[in-house]
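> For what it's worth, the numbering used here labels the leading residue of the sequence shown as 13, then goes sequentially.
Ideal Cβ positions, reconstructed from N, Cα and C, are used throughout, including at glycine.
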Amino acid sequence: MTRRNLIRASLGTVVAGASSGQSTKKGSAEKGNEVFDEQCASCHNAYSSDRKKGPGLKLLYAKEKLESNGKPVSDANVLAIVEQGGKGMPAFREGLSADDKADLLAYLKTL
Ligand code: HEC
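#1: Report yes if the C-beta distance between Asn93 and Ser109 is below 8 Å; otherwise report no.
#2: Could you tell me the distance, in whole angstroms, from the CA atom of His61 to the CA atom of Leu123?
#3: Between the alpha carbons of Lys47 and Glu106, how many angstroms are there, rounded?
#4: Beta carbon of Ala204, beta carbon of Gly44: below 8 Å?
#5: Which whole-angstrom value is the C-beta distance of Cys55 and Lys65, which I expect to be below 8 Å?
#6: Does the beta-carbon distance from Lys121 to Tyr73 come in below 8 Å?
#7: Just reading off the alpha helix (DSSP H) that Phe48 is part of, what are its end residues?
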C-alpha cells in the first residue's frame, strides 16, 4: 500500500466512527463553545465552579469524579450525562448532532 492510500484508509475509519455515533471524532473546542453558550450556559458556569442550576464545569476534566453520579470523569461518562440528563438536567440525546457532542467534549476539556 502506498503511503497516500494508507492515510486515506485511516481517515475512512475516523469518519465511520463518527457516523456510528461514537465520540472517536476529534471535536472543535471553538464550535463546542458556541453550542455550550446556546444550550448549556443557562444552567452551568464554564469559568467558575459555583453552581448555577447545575454544577460549575470549570476544571471538569481535572476532577476525579463527577459530582452528579460519582463516576470517573471520562468522555463516555460525560457524554452519558449530556445524552441522558439527570436530576434537573434535560437529555440532549436527540437535540444535539454527533458533531455537536464531539465539539462540546473538546470544549469542556479546555475549561
Ligand atoms: C436546565 C438546566 C441544565 C441545562 C440546560 C444543562 N444542564 Fe448539565 N446539569 C444540570 C444539573 C441540574 C446537573 C446535575 C445533575 C445531577 O445531579 O444528576 C447537571 C450535570 C451536568 C454534568 C455533570 C457534572 C458533574 O460534575 O457531575 C455535566 C458534564 C453537564 N451537566 C453538562 C451539560 C452540558 C454540556 C449541557 C449542554 C448541552 C448541559 N449540561 C445543559 C442542569 C442543566
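This is what the structure holds:
#1: The sequence shown places Ile at residue 93, not Asn. Result no, Cβ atoms of Ile93 and Ser109 do not sit closer than 8 Å.
#2: Reading off the sequence shown, one finds Ser at residue 61, where the question assumed His. Those two C-alpha atoms are separated by around 10 Å.
#3: Rather than Lys, the amino acid found at residue 47 in this sequence is Val. One C-alpha to the other measures close to 14 Å.
#4: The displayed coordinates of the chain run from 13 to 123. Any statement about residue 204 would go beyond what the structure contains.
#5: 4 Å
#6: yes
#7: Ala41 to Gln51
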